[in-house]
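Note that the protein sequences, when read in sequence, are chains B and P. If you count by my numbering, then the first sequence holds residues 8 to 309, one letter each, in order. If you count by my numbering, then the second sequence holds residues 69 to 390, one letter each, in order. From the three backbone atoms N, C-alpha and C, an ideal C-beta is built for every residue, glycine too. To start, the structure under review is shown below, and the notes come after it.
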Amino acid sequence: MNVDILLLALVDGLSYAGLLFLVALGLTLIFGVMGILNVAHGALYACGGYTAATFISWATGLGLASPPLLVAGLFLAALLVGLVLGFVLEVGLLRQVQDKDPILQLLVTFGAFLILEDVQSLIWGSAPYSASEVVTQLGTIELFGITYTTYQLLLIPLIALLVYALLQYFLRHTRIGKQIIAVTHNAEVATALGIHSSRIRLVTFVVAAMLGALGGALAAPTTSIVPGVGTDMIVLSFSVVATAGLGQITGALIAAVLIGLARSLAVYTVPELEVVVPYIIMVIVLLIRPYGLFTVAQARKI
Amino acid sequence: MIISILSLGGATACLFFGVLFPWMKVPIVIGLCYGLAALGVSVLMRAGQVSFGHAMYACISGYTVAFLSRSFPNADGLLLIAAGTVTSLLAAAPIGIFVVRYREIFFGMLNLALSMVLYSVLGKFYEITGGTDGLRVDRSTLAGLHFERAGYETALLVVAVFTALAFGWTVQRFFGSSAGEALAGIKTNETRLEYLGLSTRRILWNGYMISAALVGLSGALFALLQGLVTPELGYWVRSGEFIFIAILGGAAHTIGPFLGAAVFQIIQLIGAMFFAGIWKMLLGATLIAVILIAPSGLTGVLKFTRKLKDRGQSSHSIAEQS
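Quick look at the structure:
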């Protein structure tokens, strides 16, 4: 294995990690605030991807193929999908099962996932969609004699880091962000102190849904969006979240990088194991640290 | 009493319709397979744990059947079923030791991760497993008898009905035993169970083995019926279907998973007939509706109406006494 391949794997892995992080971030936020593992997150990812691909093909059809406009189109798709589906899922479904068993809540999101899968195939059919126009418009960069696409080398990692920084700022320094953290720590006490916790849940869910859709939208230019992408993504992003520890944001970033790099190394060295690597990492981590890398031990309630 | 009549009636109906309308044989056996698998999943649900990867045991068992029937073409079908089930059990023992350390979401998702590993490995190693095309399973003898296709399906129907009855009854007995009660105790209060001096990990491990064996049994039957095993047998959506059936049926009695499987098969048939493209939507909507309206499932509704009736009778007798 030579250095070229290593570098290629590094860039691939980092851009993949960026996508993985965005999706996992949404998942871990929802878990932190609502205590729900949102299986429908995979559907949000797929819908984001489809919508972005549609937007990009419209934009190129209208001759609006300038790079900033196309990237804005990706974000617009994510915002739209996150806002609409996030609102519908939270108010229409999760709010109704708020007081039920966590397993039942998980199954409700599984039901929503099944419904959304068919909604996607009704709207977009089963043909693959892609938005590769964005990648070609942004051009390539040559580094150490290897040509990379600007999109994968710079844009995705930058967006992922930016989202991470913005989210940290939002959670630590804004009013709503602080309220979200309070609800994460203890929803009952937060409500008693006058925090409108159901509104906080809605805000968190919509923001997280946008992140999931953004992951899909940013994946659309480099991969083709086909039926079933959401299924793979939900399982994969869960393995990131579990490796990091449920509810850990910085942990999710580190775990996403770890799993993204390991996966792309596997693609270049042992392609048979590509799909398996993330799960192997997760199983090993959980064997050693049963509740993830970055979780702090909690007291048992009797 | 009502439930034993219902079970026997259901079993007779399965045999009756299967023999009378030959096209119904296969859906009925598939339904019984789903019921057995969901029965396995519902054993863990007693303990409040939901595994999102139990289809891997159906897959392990199915591939065992396929490999064995290739190496030993004369092996009897019943023997193959037993071998598949035992292999699932053997696989579940070490995996169980690992996963029973976790609860709820971690438990569910670890099983999911392991099943995904199995699913991808089966799909990738084409030379050994036949890749995504899977492996063919040739028709074997059943209890030493050779069958043509129609007779073979009828024989499998009989086998499936009797295993379903036998295991439904056995597992119900297990639920009533002290080991079964301890399993349910994990859901209610695990810490108290430990204060009583019981090892909750051991109890859950036992439950895990039982549930894996039941899912394995269903996988072996399924492999013989279809004559083909593919990695799809262990895909996580299939594990989701098992959970769906178990929730639909409810955990109040072991007849639940079979009732759930019947409803599931009916939804699938209706979906295939009238809503070809959107049967997943139908499934999802039913799942949500069941959780919102009757979270304890069909058997829960059954029990509730019976309780109401009992209450009605007892108030009568009190009125008469006074």
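Buried or exposed (CB count within 10 angstroms, at least 16 for buried), residue i
| i | result |
| --- | --- |
| LEU129(B) | exposed |
| PHE117(B) | buried |
| ILE196(P) | exposed |
| PHE332(P) | buried |
| MET225(B) | Here residue 225(B) is Leu; the residue named in the question, Met, does not match the sequence. The residue in question, LEU225(B), is buried, as its Cβ has 16 or more Cβ neighbours within 10 Å. |
| SER205(P) | For clarity, residue 205(P) is Val in the given sequence; the question names Ser instead. So VAL205(P) ends up on the buried side. |
| ALA81(P) | exposed |
| GLU221(P) | buried |
| TYR194(P) | exposed |
| MET341(P) | exposed |
| VAL104(B) | buried |
| THR35(B) | buried |
| THR259(P) | exposed |
| LEU6(B) | It is not possible to answer for residue 6(B), since the shown part of chain B is limited to 8 through 309. |
| TYR286(B) | buried |
Coil, strand or helix - residue i by DSSP
| i | result |
| --- | --- |
| TYR170(P) | coil |
| ILE202(B) | coil |
| LEU147(P) | helix |
| TYR136(B) | strand |
| ARG204(P) | strand |
| GLY77(P) | helix |
Pair within 8 Å by beta-carbon distance, residue i and residue j
| i | j | result |
| --- | --- | --- |
| LEU104(P) | PHE235(P) | yes |
| SER279(P) | ALA123(P) | no |
| LEU96(B) | PHE245(B) | no |
| ALA248(B) | LEU160(B) | Looking at the sequence itself, residue 248(B) is Val, so the reference to Ala does not match. Not in contact: VAL248(B) and LEU160(B) (Cβ atoms no closer than 8 Å). |
| ALA319(P) | ARG171(P) | no |
| LEU81(B) | VAL141(B) | yes |
| LEU14(B) | PHE177(B) | no |
| ALA314(P) | SER129(P) | no |
| GLY252(B) | GLY258(B) | yes |
| TYR327(P) | LEU366(P) | For clarity, residue 327(P) is Leu in the given sequence; the question names Tyr instead. In this structure, LEU366(P) lies closer than 8 Å to LEU327(P) by Cβ. |
| VAL168(P) | LEU148(P) | no |
| LEU186(P) | CYS101(P) | no |
| ILE359(P) | VAL115(B) | yes |
| LEU292(P) | GLY145(P) | yes |
| ALA262(B) | GLY56(B) | no |
| VAL10(B) | GLY219(B) | no |
| GLY237(B) | GLY93(B) | no |
Cα-Cα separation between residue i and residue j, rounded to whole angstroms
| i | j | result |
| --- | --- | --- |
| LEU174(B) | THR238(P) | 54 Å |
| SER383(P) | THR373(P) | Since pLDDT at SER383(P) reaches only 45, below the 50 mark, its modelled position is unreliable, and no value is offered. |
| LEU344(P) | VAL305(P) | At residue 344(P) the sequence reads Ala, which differs from the Leu that was named. Spanning the two alpha carbons is a distance of roughly 18 Å. |
| SER156(P) | THR58(B) | 43 Å |
| ALA151(P) | ARG270(P) | 25 Å |
| SER22(B) | VAL214(B) | 22 Å |
| ALA172(B) | ILE256(B) | 11 Å |
| LEU224(P) | PHE174(P) | 37 Å |
| LEU32(B) | ALA232(P) | 44 Å |
| GLY78(P) | GLN117(P) | 28 Å |
| SER188(P) | LEU280(B) | 8 Å |
| LEU100(B) | ILE232(B) | 26 Å |
| GLU149(B) | LEU86(B) | 32 Å |
| GLU249(P) | GLN112(B) | 25 Å |
| ILE241(B) | ASN45(B) | 9 Å |
| VAL226(P) | GLY284(P) | 18 Å |
| ALA230(B) | SER137(B) | It should be noted that the sequence gives Thr, not Ala, for residue 230(B). Approximately 7 Å between the Cα atoms of the pair. |
| PRO74(B) | VAL290(B) | 41 Å |
| LEU90(B) | GLU309(P) | 30 Å |
| LEU178(P) | VAL292(B) | 11 Å |
| ALA134(B) | ALA247(P) | 52 Å |
| ILE386(P) | LYS371(P) | With a pLDDT of only 42 at ILE386(P), under the threshold of 50, the placement of this residue in the model should not be trusted; the figure read from the coordinates follows. If you take the alpha carbons of ILE386(P) and LYS371(P), they lie about 22 Å apart. |
| GLY202(P) | PRO363(P) | 37 Å |
Endpoints, beta strand (DSSP E) assigned at residue i
| i | result |
| --- | --- |
| GLU149(B) | 147-150 |
| THR229(B) | Taken as a continuous stretch (DSSP letters only), THR229(B) belongs to no beta strand (DSSP E), as it is neither H nor E. |
| LEU156(B) | Residue identity differs from the one stated: residue 156(B) is Thr in this sequence, not Leu. Counting along the chain, the beta strand (DSSP E) containing THR156(B) begins and ends at 153-156. |
Extent of the continuous alpha helix (DSSP H) run through residue i
| i | result |
| --- | --- |
| THR35(B) | 10-41 |
| HIS48(B) | 48-68 |
| GLY219(P) | 217-244 |
| MET113(P) | 93-114 |
| PHE310(P) | 304-317 |
| THR191(B) | 182-192 |
| ASP108(B) | Run containing ASP108(B): none; DSSP gives neither H nor E here. |
| VAL283(B) | Element bounds for VAL283(B): n/a, residue is neither H nor E. |
| ARG138(P) | 123-139 |
| LEU77(B) | 74-99 |
Contacts of residue i in chain C (Cβ-Cβ under 9 Å)
| i | result |
| --- | --- |
| MET289(B) | In the structure shown, chain C cannot be found, because the protein chains are B and P. |
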